[in-house]
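Student: What follows is a structure written as structure tokens; I'll ask about it next.
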Amino acid sequence: MAESARQPQEPQNPEELCRYLLDRVTNMETRNLELREQLRQVESDKRYIETQKIRYEREVRKLKSEIEQLRSPPLVIGTVTDVVDANRVIVRSSAGPRFLVRSSMCIDPENLKPGVRCTLNQQSLAVIDVLPESYDAAVYGMEVVETPEESYDDIGGLDRQILEIREAVELPLKKPEVFDRIGIEPPKGVLLHGPPGTGKTLLAKAVAHETNAYFLRVVGSELVQKYIGEGARLVRELFDLAKKKSPTIIFIDEIDAVGASRTEATTSGDREVQRTLMQLLAGMDGFERRGDVKIVGATNRIDILDRALLRPGRFDRIIEIPLPDIEGRLAILNVHTRKMHLDEEVNLREIAFLTDGKNGADLRAICMEAG
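Counted the way my numbering counts, the sequence shown spans residues 55 to 425.
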């Protein structure tokens, strides 16, 4: 009785019955659309959850693989000394002795050459992988990452010296075909010498600014090391990196710190400096070709440099950077005062006349103090 009371009574009039049925159909269609929309939303959520599941499973596998790698025993570092055949090589471990071992099938046989570093299994000492070349951190610290802002326009009174260094360093790097057409080898190195403060380092900065070559800067004293063989190793790695990154310019500032004339050494420190110098001589013009590597040296004491260092083939062009004359001092003053607001009564030529014997650094200091 209660159920029959809750059910809506169907209209008895045909018109009302028709309207009632139309309303029921409309309600059912609306409900059908709502259910379809809910179904699409559920399917979309299902696809998203499945995608997330796959991503998380992939991440779990990656983390498990990383954990396995971290749990794996460390590998021994060795050096290949000889290649017997495609599968066997002779290696020298870090402990010292040499072993005949097998190499992994995943390693390209062309990469297994005498002298390359490799990783060895602790148990069988089999070659697992080939390591890339490694250089001392001090050698990487010699790289000039940011190009200096100084250009040839910032150098006054050295027009002839600028022309000579551009011919010897910049032209062979930018237009090597000129020397091929003439049939001569371009200069390999340039030595800048002169009193302090005359612009030797500034010239090297301008060369680095004007060329797109890889630029390495080192002070001669950095090559002098405490332990035997360390300085020579630094020089060797310096030239190896330069040849790998060629075209390269190596700028050795204060080269007299390592290039002084060899004498009868009385201390171990003197002998180590001479060993470093001999490695430097071999790197500049030794048995192996240097490639497209240019060397620019700078010194205040050319009189104490070793004669072997000054010969052609190592430094083909020796450029003197003298104290500026009156025209040179005027050009330097124009460079340092071009951004300054000068009084109309300031006569730069008179200042240049009064500063006889001053170098470029002195003139820059005068302009700075006047500002």
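Ideal placement from N, C-alpha and C gives every residue a C-beta, glycine not left out.
Hey, Val193 and Glu291 are a contact pair by Cβ (cut 8 Å); roughly how many whole angstroms apart?
Tutor: If you number the sequence shown from 1, residue 193 lands on position 139. If you number the sequence shown from 1, residue 291 lands on position 237. With a Cβ gap of about 5 Å, Val193 and Glu291 count as contacting.
Student: Straight-line CA distance for Ala149 to Arg287?
Tutor: For this step, residue 149 is matched to residue 95 along the sequence shown. For this step, residue 287 is matched to residue 233 along the sequence shown. Those two C-alpha atoms are separated by around 20 Å.
Student: Return helix, strand or coil for Phe233, following the three-state DSSP convention.
Tutor: As a working mapping, residue 233 is identified with position 179 in the sequence shown. Here Phe233 sits in helix by DSSP.
Student: Quick one: grab the DSSP three-state call for Phe293.
Tutor: Taking the sequence shown and counting its residues from 1, the one referred to as residue 293 is at position 239. Phe293: helix per DSSP, three-state reduction.
Student: So what's Val114 in DSSP terms, helix, strand or just coil?
Tutor: Residue 114 sits at position 60 when you count from the first residue of the sequence shown. Val114 falls in the helix class under three-state DSSP.
Student: Could you name the residues that DSSP lists as bridge partners for Lys348?
Tutor: Here the question's residue 348 lines up with position 294 in the sequence shown. DSSP, once it has assigned bridges, lists Ile303 as partnering Lys348.
Student: Determine the closest residue to Asp416 out of Lys298, Ile304 and Gly253, with distance taken between C-alpha atoms.
Tutor: Here residue 416 corresponds to residue number 362 of the sequence shown, with the count starting at 1. That would be Gly253, whose Cα lies nearest to the Cα of Asp416.
Student: Sorted by chain position, which residues of the same chain lie with C-beta nearer than 7 Å to Thr135's C-beta, five sequence neighbours on each side aside?
Tutor: Here the question's residue 135 lines up with position 81 in the sequence shown. Excluding sequence neighbours, Thr135 sits near Ile144, Val145, Arg146, Arg152 and Pro168.
Student: Could you have a look at Asp207 and say whether DSSP puts it in helix, strand or coil?
Tutor: Walking along the sequence shown from the start, residue 207 turns up at place 153. If DSSP states are grouped into helix, strand and coil, Asp207 belongs with the helices.
Student: With 16 other CB atoms within 10 Å as the buried threshold, where does Ile219 fall?
Tutor: Here residue 219 corresponds to residue number 165 of the sequence shown, with the count starting at 1. It is buried - the Cβ of Ile219 has at least 16 other Cβ atoms within 10 Å.
Student: Closest to Val137 by CA distance: which of Val155, Leu129, Gln123 and Glu122 is it?
Tutor: Working through the sequence shown from its first residue, we reach residue 137 at position 83. It is Val155 whose Cα lies nearest to the Cα of Val137.
Student: Give the single residue among Tyr189, Gly323, Thr201 and Glu164 whose Cα lies nearest to the Cα of Asp183.
Tutor: Position 129 of the sequence shown, counted from the start, is the residue given in the question as residue 183. Nearest option by C-alpha distance: Glu164.
Student: Measure the C-alpha to C-alpha separation of Arg343 and Val273 and round it to an integer number of angstroms.
Tutor: Within the sequence shown, numbered from 1, the residue matching residue 343 stands at position 289. Within the sequence shown, numbered from 1, the residue matching residue 273 stands at position 219. One C-alpha to the other measures close to 24 Å.
Student: Just the C-alpha distance for Arg101 and Cys160, rounded to the nearest angstrom, thanks.
Tutor: One-based indexing of the sequence shown puts residue 101 at position 47. One-based indexing of the sequence shown puts residue 160 at position 106. In a straight line, the C-alpha of Arg101 is about 39 Å away from that of Cys160.
Student: Which of the three DSSP states is assigned to Ala336 in this structure?
Tutor: Looking up residue 336 in the sequence shown gives position 282. Helix, per DSSP.
Student: Tell me which same chain residues have a C-beta within less than 8 Å of the C-beta of Leu166, skipping the five on either side of it?
Tutor: Locating residue 166 in the sequence shown gives position 112, where the first residue counts as 1. Contacts found: Val134, Val137, Val143, Ser157, Cys172, Val181 and Val184.
Student: Nearest-angstrom Cα distance between Met338 and Phe269?
Tutor: Taking the sequence shown and counting its residues from 1, the one referred to as residue 338 is at position 284. Taking the sequence shown and counting its residues from 1, the one referred to as residue 269 is at position 215. Using only the alpha carbons, I get a separation of about 16 Å.
Student: What is the DSSP secondary structure of Asp183, counted as helix, strand or coil?
Tutor: Locating residue 183 in the sequence shown gives position 129, where the first residue counts as 1. Asp183: strand per DSSP, three-state reduction.
Student: Got a sec, what are the start and stop residues for the alpha helix (DSSP H) Asp213 sits in?
Tutor: As a working note, residue 213 is residue 159 in the sequence shown. Asp213 -> alpha helix (DSSP H) spans Asp213 to Ile219.
Student: With DSSP as the reference, label Glu239 as helix, strand or coil.
Tutor: If you number the sequence shown from 1, residue 239 lands on position 185. In this structure, Glu239 counts as coil in the three-state DSSP scheme.
Student: Looking at Leu384: is its Cβ nearer than 8 Å to the Cβ of Asp310?
Tutor: Along the sequence shown, read from residue 1 onward, the residue named residue 384 stands at position 330. Along the sequence shown, read from residue 1 onward, the residue named residue 310 stands at position 256. Not a contact, by the Cβ cut-off of 8 Å.
Student: Which residues bound the alpha helix (DSSP H) around Gly414?
Tutor: Residue numbering aside, residue 414 sits at position 360 when the sequence shown is read from its first letter. Gly414 to Ala424 is the extent of the alpha helix (DSSP H) around Gly414.
Student: Using a 10 Å radius around the Cβ and a threshold of 16 neighbouring Cβ atoms, would you call Glu203 buried or exposed?
Tutor: Counting from 1 along the sequence shown, the entry for residue 203 is found at position 149. So Glu203 counts as exposed.
Student: Count the other C-beta atoms from every protein chain shown that fall within 10 angstroms of the C-beta of Glu264, then say buried if there are 16 or more, exposed otherwise.
Tutor: Stepping through the sequence shown from its first residue, residue 264 is reached at position 210. Classification for Glu264: buried.
Student: If you follow the alpha helix (DSSP H) that Arg403 is in, where does it begin and where does it stop?
Tutor: Locating residue 403 in the sequence shown gives position 349, where the first residue counts as 1. That run of the alpha helix (DSSP H) goes Leu402 to Leu408.
Student: Considering Cα atoms alone, identify which of Val96, Glu399, Leu408 and Met422 is closest to Val389.
Tutor: For the purposes of this step, residue 389 is taken as residue 335 along the sequence shown, with counting starting at 1. For the residues Val96, Glu399, Leu408 and Met422, the minimum Cα distance to Val389 belongs to Met422.
Student: For Val261, does the count of other Cβ atoms within 10 angstroms reach 16, so buried, or fall short, so exposed?
Tutor: What you label residue 261 is simply residue 207 of the sequence shown in a count that begins at 1. By the neighbour-count rule (16 or more Cβ atoms within 10 Å), Val261 is buried.
Student: Where does Ser172 sit, in a helix, a strand or coil, going by DSSP?
Tutor: The sequence position of residue 172 within the sequence shown is 118, counting from 1. Contrary to the premise, residue 172 reads as Cys rather than Ser in this sequence. It is a strand residue.
Student: Rounded to a whole number of angstroms, what is the C-alpha to C-alpha distance between Glu381 and Ile375?
Tutor: Here residue 381 refers to the residue found at position 327 when the sequence shown is read from its first residue. Here residue 375 refers to the residue found at position 321 when the sequence shown is read from its first residue. Whole-angstrom Cα-Cα distance: 15 Å.
Student: Hey, how far is the Cα of Leu295 from the Cα of Arg392?
Tutor: Taking the sequence shown and counting its residues from 1, the one referred to as residue 295 is at position 241. Taking the sequence shown and counting its residues from 1, the one referred to as residue 392 is at position 338. In a straight line, the C-alpha of Leu295 is about 40 Å away from that of Arg392.
Student: So is Asn67 buried or exposed if we call it buried at 16+ other beta carbons inside 10 Å?
Tutor: As a first step, residue 67 must be located in the sequence shown, where it is residue number 13. The residue in question, Asn67, is exposed, as its Cβ has fewer than 16 Cβ neighbours within 10 Å.
Student: By the three-class DSSP mapping on this structure, what secondary structure does Glu197 have?
Tutor: Against the sequence shown, residue 197 aligns to sequence position 143. The answer is strand: DSSP assigns Glu197 an E or B state.
Student: Closest to Pro230 by CA distance: which of Gly345, Ile356, Lys412 and Lys107 is it?
Tutor: Locating residue 230 in the sequence shown gives position 176, counting from the first residue. Ranking the options by Cα distance to Pro230, first place goes to Gly345.
Student: Please state whether the Cβ-Cβ distance between Arg371 and Pro241 is less than 8 Å.
Tutor: Taking the first residue of the sequence shown as 1, we reach residue 371 at position 317. Taking the first residue of the sequence shown as 1, we reach residue 241 at position 187. Yes, they are a contact pair.
Student: Under three-state DSSP, which class holds Tyr268?
Tutor: For this step, residue 268 is matched to residue 214 along the sequence shown. Here Tyr268 sits in strand by DSSP.
Student: Note down, in chain order, each residue of its chain lying with its Cβ closer than 6 Å to the Cβ of Pro250, except the 5 sequence neighbours on either side.
Tutor: For this step, residue 250 is matched to residue 196 along the sequence shown. Taken in chain order, the residues that qualify are Asn354.
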